[in-house]
Structures are given as structure tokens and as C-alpha cells.
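Below is one structure, written out as C-alpha cells; the observations come after it.
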Amino acid sequence: MIKVVVVDDSAFMRKAISTMLSKDPEIDVVATARDGEEGLEMIRKYNPDVVTMDIEMPRMDGLTALRHIMMEMPRPVLMVSSLTNEGAEATLKALDLGAVDFIPKQLSKVSLDIVKIEANLIAKVKIVASRKLMHSRARTTPMARAPLATPSAQPCPGPTRTAPAPTVPCGSAKRDVVAIGVSTGGPPAVQKVLSALPADFPASIVIAQHMPQAFTGPFAKRLDGLCKISVKEAEPGDRLKAGCAYIAPGGRHLVLKQMISRVDLEITSEPASSLYKPSANVLIGSVANAVGRRALGVILTGMGNDGMEGIRALKEKGGRALAQSDATCVVYGMPKAIVDAGLSDEIVDIDDMAQAIMNNLYL
Numbered sequence: 001m002i003k004v005v006v007v008d009d010s011a012f013m014r015k016a017i018s019t020m021l022s023k024d025p026e027i028d029v030v031a032t033a034r035d036g037e038e039g040l041e042m043i044r045k046y047n048p049d050v051v052t053m054d055i056e057m058p059r060m061d062g063l064t065a066l067r068h069i070m071m072e073m074p075r076p077v078l079m080v081s082s083l084t085n086e087g088a089e090a091t092l093k094a095l096d097l098g099a100v101d102f103i104p105k106q107l108s109k110v111s112l113d114i115v116k117i118e119a120n121l122i123a124k125v126k127i128v129a130s131r132k133l134m135h136s137r138a139r140t141t142p143m144a145r146a147p148l149a150t151p152s153a154q155p156c157p158g159p160t161r162t163a164p165a166p167t168v169p170c171g172s173a174k175r176d177v178v179a180i181g182v183s184t185g186g187p188p189a190v191q192k193v194l195s196a197l198p199a200d201f202p203a204s205i206v207i208a209q210h211m212p213q214a215f216t217g218p219f220a221k222r223l224d225g226l227c228k229i230s231v232k233e234a235e236p237g238d239r240l241k242a243g244c245a246y247i248a249p250g251g252r253h254l255v256l257k258q259m260i261s262r263v264d265l266e267i268t269s270e271p272a273s274s275l276y277k278p279s280a281n282v283l284i285g286s287v288a289n290a291v292g293r294r295a296l297g298v299i300l301t302g303m304g305n306d307g308m309e310g311i312r313a314l315k316e317k318g319g320r321a322l323a324q325s326d327a328t329c330v331v332y333g334m335p336k337a338i339v340d341a342g343l344s345d346e347i348v349d350i351d352d353m354a355q356a357i358m359n360n361l362y363l
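Per this note's numbering, the very first residue in the sequence shown carries number 1; after that it's consecutive.
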């Protein structure tokens, strides 16, 4: 039985979340709380497997409570977030502090999609409860590693560092587009990878992160301030540029289009039937069609199998693919799908992913 504590200052939200979760026989909502202070008391008392935590609350807000949880009694925490710019900023901070995912606040209200909402909420709780908590301590500084050196066409120098990362390849890059698909647990993982890349990274990066529309802009802006490469939310008319990462806008797809002498980015609502917007399958499939073997596909932590068919198309065109390791995923769903399908060229821990990306540009 999965024990859950629900923390929210709204009586309606406490009731709605508790009711939905209680419909699953494997989940037991053992307590609810009206603010972070009471939430900490309930967590200490009931030792739940998962906590749902509102952000805006009186007495003690969700971010403060989250810091206490991660320092004193780490466990999976799902933030309940409003779909506003302010909500996005606070949620991204919560994910940086160790929350594993978030529940959009409007999705927890009674609606015609109640069955879909219940299924998504229950799935998130059950999956994160089954995983070891990957972010078990509060983080007060950006997750970054020492920058990687950019390879050049000059002969390789001898080893100059003692880090266990592979030596940097020499010569000219054979791949100039990196396509990343990611979902649950993704923001800290993407931040860790991008923040390790040098400003003169020799490829462009396109990213499909499952996020609501209000979140992708603040997410890109946050990354741009933390990374040496440029990061932006993709816009119509953007053109691929080395050393720049483009985040697909929430609620729409990002696709690459091969023009006569360049590759353009397009923002579209089609295919409308896609389960996710943005979709990793749509993005990576378009990358396969536009640049083929010049691309590297990367699948990071996330629920489901979005990205598998895109990676399949990319591999058929001669591209390469990396999957995040089971041990370092918050949810080993999307990477597992391409590993089980035999589509991954390498399985890589998240701490080593930036180096693996660099290496694979030269293979």
C-alpha cells in the first residue's frame, strides 16, 4: 500500500486530490494538511511514501516545507502548481530543490476530463513511489559540472585532468543537431546536462520537455541564466545555430524543416492527435527527416514511451541515440522504451551525459 499525505490550503483541493487517489486500491491517503507546518507534522507522524505539496500556503509555504523534507526526511514530493508565470518560477525552484514532478492545479478540478486526470495523477504517485528518490537533498546552487573542452581539428593533447570522464574527441564534428526528449524528472536532468556544455558547443540542441504552456518560457529563461550555451523557447522563424538550445513551447510541437541551404524551426499544433504537446516523437522524427545521420537523439527520464518511434526513425537514417540510465532516472520509462527496443547506442548516467553527447558528435 502506498501511503500519501496531501498538503494544500484549499479544502476543495485536499478533497479532490484525496478522492482521486483513494479510488486506487493500492493508494491510501493517510492524512491531509492545511499548510507546510502542519504538513511536516503529518509527514513525521505517518511517514508517507509520497507527498503532494501546494506552493502558495499561509504560515509555511510549499518551498519552505520542501526544504525541510529534503533535509530531514527525503521522499518523493509532487508539487501542486498554478499555471501562471509565477507558478512556473516557483515550481522550477521546487524541482531544483528536489521535488520529482508537479501537478498542474487546474487539472485537479472537476471537469469532463476527470478520468484522464485521475489516471495521470495516480500513475505519477505510483511510479514515483516505486523509485528511489533521486534528489534527496536540498540544493541551493545550480546543478553544474566543470565545463567540457570543445574539440578542435588540432592533434589531441595529452590528458590534462583527473576526472573519470572520457577524453574529448579530436577532429571535426560529424553531427550538428542534438534532439532531447524528456518528461517526469526532466528539468533538473536537462539543467545538469546543458550547464556542463561549453559556450562554443559545436551543435544545436532541440528539446521536447513535457510541460504546460506557461512553464516552457520561464524554464528556458532559467536555463539561459545558468548555462554557457544560449537557451531559448523556440519561436516561429528561428534557425538552428550551434551553441544554442531551443525548448519546444508547451502545448505545441517543435519540428525541423530542411530548406535549400538551411534548417528552420517551425511551431505547429499538428499532429493534433498526439498524446503529448510537445511530443518527443514528433520532434525527433522531424529531425530524422531534416538532417538524418547528422543528428544525435537523447532520451532522458520520463513516463511512457514518447520518443521511441522518433529514435527509430533517426536510427534508420544513420543517427545515434543515447538513453539515461535506470539508476539515475526519476522515472525509467522513456529511456527504457528505447533500450528495450534495441535502439540505444549507449546507456549513460546523467552525470556523464554531457560528456557522452560531446563524444557522440564525433562518431
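Note that the Cβ used here is the ideal one computed from N, Cα and C, for glycine as well. Everything numeric in this text was worked out from a predicted model, so none of it was measured.
Requested in this report: Inspect the beta-carbon positions of Ala280 and Val287 and report whether they are closer than 8 Å.
Outcome: Residue numbering aside, residue 280 sits at position 280 when the sequence shown is read from its first letter. Residue numbering aside, residue 287 sits at position 287 when the sequence shown is read from its first letter. Contact: no.
Query raised in the report: For Ile229, which residues from the same chain have a beta carbon less than 7 Å from its beta carbon, with the 5 sequence-adjacent residues on both sides left out?
Result: By one-based count along the sequence shown, residue 229 stands at place 229. Result list for Ile229: Leu194, Leu197, Ala199, Phe201, Gly243, Cys244 and Ala245, in chain order.
Report task. Would you mind reading off the limits of the beta strand (DSSP E) that contains Lys3? Result -> Start at 1 with the first residue of the sequence shown, and residue 3 comes out as number 3. Run containing Lys3: Ile2 to Val7, per the beta strand (DSSP E) assignment.
Query raised in the report: Can you give the beta carbon distance from Ile247 to Thr216, rounded, assuming they're within the 8 Å contact cut?
Result: Along the sequence shown, read from residue 1 onward, the residue named residue 247 stands at position 247. Along the sequence shown, read from residue 1 onward, the residue named residue 216 stands at position 216. Contact holds; Cβ gap of about 5 Å.
Query raised in the report: Excluding the five sequence neighbours on either side, which residues of its own chain have a C-beta within less than 7 Å of the C-beta of Lys277, listed in chain order?
Result: Looking up residue 277 in the sequence shown gives position 277. Result list for Lys277: Gly251, Arg252 and His253, in chain order.
Requested in this report: Identify every run of the beta strand (DSSP E) within the region 251-335, keeping only runs that are complete inside it and at least 3 residues long; order them along the chain.
Outcome: 253-258, 263-268, 295-299 and 320-324
Query raised in the report: Taking Cβ positions, are Gly297 and Gly333 nearer each other than 8 Å?
Result: Working through the sequence shown from its first residue, we reach residue 297 at position 297. Working through the sequence shown from its first residue, we reach residue 333 at position 333. Against a cut-off of 8 Å, the Cβ pair of Gly333 and Gly297 comes out as no contact.
Requested in this report: Could you pull out every unbroken beta strand (DSSP E) segment of at least 3 residues lying fully inside the region 177-218, listed in chain order?
Outcome: 177-182 and 204-209
Report task. Please work out which residues of its chain come closer than 8 Å, Cβ to Cβ, to Glu266, disregarding the five sequence neighbours upstream and downstream, and give them in chain order. Result -> In the sequence shown, the residue the question calls residue 266 occupies position 266. Pro236, Leu254, Val255, Leu256 and Lys257, listed in sequence order.
Query raised in the report: CB-CB under 7 Å to Cys315, same chain, minus the five flanking residues each way: which ones, in chain order?
Result: Working through the sequence shown from its first residue, we reach residue 315 at position 315. A quick correction: the sequence has Lys, not Cys, at residue 315. Taken in chain order, the residues that qualify are Ala321 and Leu343.
Query raised in the report: How would you label Pro187, buried or exposed, when you count the other beta carbons within 10 angstroms and need 16 or more for buried?
Result: As a working note, residue 187 is residue 187 in the sequence shown. Looking at its Cβ environment, which holds 16 or more other Cβ atoms inside 10 Å, Pro187 is buried.
Query raised in the report: Going by other Cβ atoms of all chains shown within 10 Å of its Cβ, with 16 needed for buried, is Arg222 buried or exposed?
Result: Residue 222 sits at position 222 when you count from the first residue of the sequence shown. With 16 or more other Cβ atoms within 10 Å, it is buried.
Requested in this report: Within 10 angstroms of the Cβ of Met358, are there 16 or more other Cβ atoms? Answer buried if so, exposed if not.
Outcome: Counting from 1 along the sequence shown, the entry for residue 358 is found at position 358. Buried: at least 16 other Cβ atoms inside 10 Å.
Query raised in the report: If we ignore side chains and look at the alpha-carbon of each, how far apart do Thr64 and Gly36 end up?
Result: As a working mapping, residue 64 is identified with position 64 in the sequence shown. As a working mapping, residue 36 is identified with position 36 in the sequence shown. C-alpha separation (whole angstroms): 7 Å.
**Report entry** Which of helix, strand or coil DSSP assigns to Val80
**Finding:** Numbered from 1 along the sequence shown, position 80 holds the residue referred to as residue 80. The answer is strand: DSSP assigns Val80 an E or B state.
Query - Backbone CA spacing between Ile43 and Met259 [nearest angstrom] - result: Position 43 of the sequence shown, counting from 1, holds the residue named residue 43. Position 259 of the sequence shown, counting from 1, holds the residue named residue 259. Approximately 56 Å between the Cα atoms of the pair.
Query raised in the report: With respect to the beta strand (DSSP E) encompassing Ile17, which residues constitute its N-terminal and C-terminal limits?
Result: For the purposes of this step, residue 17 is identified with residue 17 of the sequence shown, where counting begins at 1. Element bounds for Ile17: not the beta strand (DSSP E) but the alpha helix (DSSP H), Ala11 to Ser22.
Query - Presumed contact (8 Å Cβ cut-off) between Asp9 and Pro58, rounded CB distance - result: In the sequence shown, residue 9 corresponds to position 9, counting from 1. In the sequence shown, residue 58 corresponds to position 58, counting from 1. Yes, Asp9 and Pro58 are in contact; Cβ-Cβ is about 6 Å, under 8 Å.
**Report entry** Rounded straight-line distance, which links the Cα of Ile347 to that of His68
**Finding:** Here residue 68 refers to the residue found at position 68 when the sequence shown is read from its first residue. Here residue 347 refers to the residue found at position 347 when the sequence shown is read from its first residue. Rounded to whole angstroms, His68 to Ile347 spans 34 Å at the Cα level.
Report task. Kindly indicate which three-state DSSP category Met42 falls into: helix, strand or coil? Result -> Within the sequence shown, the letter at position 42 stands for residue 42. Helix at Met42.
Requested in this report: Look up Ile347 in the DSSP assignment and say whether it is helix, strand or coil.
Outcome: Residue 347 sits at position 347 when you count from the first residue of the sequence shown. It is a strand residue.
Query raised in the report: Between Val4 and Ala123, what straight-line distance do the alpha-carbon atoms span, to the nearest angstrom?
Result: Working through the sequence shown from its first residue, we reach residue 4 at position 4. Working through the sequence shown from its first residue, we reach residue 123 at position 123. C-alpha separation (whole angstroms): 13 Å.
Requested in this report: For Ala245, name the three-state secondary structure that DSSP assigns.
Outcome: Taking the first residue of the sequence shown as position 1, residue 245 is located at position 245. In this structure, Ala245 counts as strand in the three-state DSSP scheme.
Query raised in the report: DSSP three-state call for Asp35: helix, strand or coil?
Result: As a first step, residue 35 is located in the sequence shown; it is residue number 35 there, counting from the start. If DSSP states are grouped into helix, strand and coil, Asp35 belongs with coil.
Report task. Can you tell me which of Asp306, Pro76 and Asp54 puts its alpha carbon nearest to the alpha carbon of Leu83? Result -> Numbered from its first residue, the sequence shown carries residue 83 at position 83. Looking at the Cα atoms, Asp54 is the closest of the given residues.
Query raised in the report: Bridge partners of Ser230, per DSSP?
Result: Here residue 230 corresponds to residue number 230 of the sequence shown, with the count starting at 1. According to DSSP, Ser230 bridges with Cys244.
Query raised in the report: Rounded to whole angstroms, how far is the Cβ of Ile338 from the Cβ of Ile284, which I believe are closer than 8 Å?
Result: Along the sequence shown, one-based indexing puts residue 338 at 338. Along the sequence shown, one-based indexing puts residue 284 at 284. Contact flag wrong, Cβ pair sits at about 10 Å.
Query - Residues that DSSP places opposite Thr91 in a beta bridge - result: Counted from its first residue, the sequence shown places residue 91 at position 91. Per DSSP, none; premise fails for Thr91.
Requested in this report: Work out the CA separation of Ala119 and Ser81 for me, nearest whole Å.
Outcome: As a first step, residue 81 must be located in the sequence shown, where it is residue number 81. As a first step, residue 119 must be located in the sequence shown, where it is residue number 119. Approximately 18 Å, taken between the alpha carbons.
Query - CA nearest to the CA of Ile127, picked from Ala356, Gln324, Glu309 and Gly304 - result: On the sequence shown, position 127 is the one that residue 127 refers to. The residue with the shortest Cα to Cα distance from Ile127 is Gly304.
Query raised in the report: Once you ignore the five residues that flank Cys329 on each side, which residues in its own chain have a CB closer than 7 Å to its CB?
Result: In the sequence shown, counting from the first residue as 1, residue 329 sits at position 329. Excluding residues within five positions, the ones whose Cβ falls inside 7 Å are Gly185, Thr301 and Pro335.
Query raised in the report: Quick one: what's got a C-beta closer than 6 Å to Asp264's C-beta in the same chain, skipping five residues either side?
Result: The residue you call residue 264 lines up with position 264 of the sequence shown. Correct list, in chain order: Arg239 and Lys257.
Requested in this report: Return the CA-CA distance between Asp224 and Val29, expressed in angstroms with no decimal places.
Outcome: The sequence position of residue 224 within the sequence shown is 224, counting from 1. The sequence position of residue 29 within the sequence shown is 29, counting from 1. Rounded to the nearest angstrom, the two C-alpha atoms are 39 Å apart.
Query - Run of the alpha helix (DSSP H) containing Met358, from where it starts to where it stops - result: Here residue 358 refers to the residue found at position 358 of the sequence shown. Its alpha helix (DSSP H) spans residues Met353 to Asn360.
Report task. Could you please give the first and the last residue of the uninterrupted beta strand (DSSP E) stretch that includes Ile103? Result -> Translated into the one-based positions of the sequence shown, residue 103 becomes position 103. Per DSSP, Ile103 belongs to the beta strand (DSSP E) from Asp101 to Pro104.
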